[in-house]
Amino acid sequence: MAFLEAHDLHVTYRPRKAPVVRALDGLDLAVPSGTVLGLLGPNGAGKTTAVKVLTTLIRPESGTATIDGVDVVREPDRIRRMIGVSGQYAAVDENLTAIENLDMVGRLYHLAARDSRRRATDLVDLFDLTEAGNRPVKGFSGGMRRRIDLACALVVDPPVLFLDEPTTGLDPRSRLGLWDVIAHLVQGGTTVLLTTQYLEEADRLADYIAVIDHGRVIARGTSDELKSQIGGQRVHLTLVAPAGADRVRPALERVGAGPVQVSPDGRTLGVTVADGASALEEMLAEVRAAGVALHDIGMERPTLDDVFLGLTGHASAPDEESVLQPSGKGHR
Numbered sequence: 025m026a027f028l029e030a031h032d033l034h035v036t037y038r039p040r041k042a043p044v045v046r047a048l049d050g051l052d053l054a055v056p057s058g059t060v061l062g063l064l065g066p067n068g069a070g071k072t073t074a075v076k077v078l079t080t081l082i083r084p085e086s087g088t089a090t091i092d093g094v095d096v097v098r099e100p101d102r103i104r105r106m107i108g109v110s111g112q113y114a115a116v117d118e119n120l121t122a123i124e125n126l127d128m129v130g131r132l133y134h135l136a137a138r139d140s141r142r143r144a145t146d147l148v149d150l151f152d153l154t155e156a157g158n159r160p161v162k163g164f165s166g167g168m169r170r171r172i173d174l175a176c177a178l179v180v181d182p183p184v185l186f187l188d189e190p191t192t193g194l195d196p197r198s199r200l201g202l203w204d205v206i207a208h209l210v211q212g213g214t215t216v217l218l219t220t221q222y223l224e225e226a227d228r229l230a231d232y233i234a235v236i237d238h239g240r241v242i243a244r245g246t247s248d249e250l251k252s253q254i255g256g257q258r259v260h261l262t263l264v265a266p267a268g269a270d271r272v273r274p275a276l277e278r279v280g281a282g283p284v285q286v287s288p289d290g291r292t293l294g295v296t297v298a299d300g301a302s303a304l305e306e307m308l309a310e311v312r313a314a315g316v317a318l319h320d321i322g323m324e325r326p327t328l329d330d331v332f333l334g335l336t337g338h339a340s341a342p343d344e345e346s347v348l349q350p351s352g353k354g355h356r
């Protein structure tokens with residue numbers, strides 16, 4: 025039995041003046057103890073709704089979910105003592121210091137004053153916030169706020185941690201620092217369910233990945249297993265100037281086994297191919313014939329982006345589920 029399990033979860037949203045949305049439509053999940061499950065899906069796929077159900081914020085209309093054998097719906101108070109949650113936005117009091125925020129959370133969990141203060145100090149050290157521990161949070165950078173928010177989720181040392189897009193909006197350095205902290209927690213035995221819009225984040229942190237769309241799992245496995253479903257390799261080229269993209273894109277479409285992906289600046293184009301070596305040769309010939317100047321060209325294994333696009337037909341994007349309200353039957 026997995027440490028965290030969900031079977032056939034259903035949740036329906038009924039927003040005003042909008043069609044009914046089946047946010048979860050038979051969702052099944054299983055997370056072994058001491059591992060990270062990366063939950064991926066396009067905008068509105070059901071990721072945030074799944075987290076809300078598993079953290080007792082809303083009730084499913086049907087289905088079951090358990091953590092270490094404890095039923096999420098039947099025993100929500102026990103579940104809340106077992107979990108830590110860090111949402112998409114840092115939920116901290118800006119007028120309090122880092123130590124005071126952590127101490128407040130500890131007291132809300134009914135820790136003794138001495139134990140709460142000691143735990144706050146330990147977490148400030150763990151998250152490399154020692155020098156800022158006695159400064160008001162309103163002076164913290166975005167990365168520091170995310171770290172203190174994650175620290176608040178760990179005050180009672182929960183066996184399960186839910187991270188809903190924990191690094192959204194962070195700069196690359198802050199994101200890497202938070203990844204290191206999460207990896208350290210998992211090494212210590214924490215079980216993590218991670219939703220993310222950054223596919224490289226899932227590639228780096230997740231032991232297993234579940235791709236969901238329209239409220240149900242459409243693929244699951246390790247990162248390598250999912251990439252093997254796409255097959256072949258990926259050919260990409262970067263142009264000196266984006267003006268030549270229209271002249272080389274038809275060639276990528278001819279050799280590709282999937283849709284052509286173009287970077288925001290229009291200079292880099294890539295496509296998954298069945299035979300990387302021959303596709304690369306053909307592409308070089310096409311580029312020379314078109315007279316387009318190349319900055320770089322190469323071949324690699326498919327990425328999680330390729331898997332994501334191939335499975336869902338969508339590019340990855342943040343969820344908007346938080347703007348919806350569940351139907352009365354499912355709302356706690």
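Here my numbering is used: position 154 in the sequence shown is 178, and no number is missing along the way.
Virtual Cβ for every residue (Gly too), placed ideally from N, Cα, C.
Here H34 carries a strand assignment [DSSP, helix/strand/coil].
If only complete runs of 4 or more residues are kept, the region 227 to 256 shows the alpha helix (DSSP H) at 247 to 254, in order along the chain.
A check of alpha carbon separations from S110 across P326, R46, R171 identifies R171 as the nearest. Between M168 and L153, the C-beta gap is smaller than 8 Å, which places the two residues in contact. Listed as beta-bridge partners of E324 by DSSP are R258. Here G62 is actually not in contact with K71; their C-beta atoms are around 10 Å apart, not less than 8 Å. For K251, the CB contacts under 8 Å within the same chain, skipping 5 residues up- and downstream, are R325, P326, T327, L328, D330, V331 in chain order. Burial is judged here by how many other beta carbons sit within 10 angstroms of a residue's own beta carbon; Q257 has at least 16 and is buried. In this chain, the beta strand (DSSP E) harbouring S86 covers 86 to 91. Taking the Cα of L51 as reference, the smallest distance to any Cα among V210, P182, A30, M128 is reached at A30.
Following the DSSP letters along the chain, one finds R170 in no beta strand (DSSP E) but inside the alpha helix (DSSP H) bounded by residues 166 to 176.
With a contact defined as Cβ atoms closer than 8 Å, L217 and V55 qualify at about 6 Å. Between the beta-carbon of A122 and that of G157 there is about 5 Å, and that keeps the pair under the 8 Å contact cut.
As a beta-bridge residue in DSSP terms, A54 pairs with E29. With a beta-carbon spacing of about 13 Å, V284 and R291 fall beyond the 8 Å limit used to define contacts.
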